Amino acid sequence: MNGTELRPFSREIMEGGYRAAFSLYAEEAEKNPEFRKIYGEWLKFREDIVQGGRSKLRVQTVQSV
Numbered sequence: 001m002n003g004t005e006l007r008p009f010s011r012e013i014m015e016g017g018y019r020a021a022f023s024l025y026a027e028e029a030e031k032n033p034e035f036r037k038i039y040g041e042w043l044k045f046r047e048d049i050v051q052g053g054r055s056k057l058r059v060q061t062v063q064s065v
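Each residue of the sequence shown is one higher than the one before, counting from 1 in UniProt numbering.
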C-alpha cells in the first residue's frame with residue numbers, strides 16, 4: 001500500500017452533482033432533438049431499474065446470454 005485512502009463524498013456533494021447533471025441533461029434535451037430522444041428512453045430505463053431494483057437488470061442480463 002502507498003498510503004492512499006479511499007473516502008466517500010458527503011451526501012450533500014453527491015446530491016449537488018446529481019442535480020447539476022440532470023439540469024445539464026434537461027438543457028441539452030431542449031436544444032438537441034437527437035439527445036432528447038435518447039435521454040427520454042434512458043430516463044424510462046433508469047426509472048424501471050430504480051423502481052424494480054437492480055435484481056431485475058441481472059435477471060434480464062442472464063436471460064439474454
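Every residue gets a Cβ at the ideal spot worked out from N, C-alpha and C, and that includes glycine.
Owing to the predicted nature of the structure, the values given are computational and were not obtained by experimental measurement.
{"query": "Local conformation of Glu12 per DSSP, three classes", "result": "helix"}
{"query": "CA-to-CA distance, Gly40 to Glu27, given in whole angstroms", "result": "13 Å"}
{"query": "Continuous alpha helix (DSSP H) stretch holding Glu41: start and end", "result": "Pro33 to Gly52"}
{"query": "Presumed contact (8 Å Cβ cut-off) between Arg19 and Ala29, rounded CB distance", "result": "About 16 Å; that fails the 8 Å criterion."}
{"query": "Straight-line gap, Val50 to Gly3 (C-alpha atoms, nearest Å)", "result": "36 Å"}
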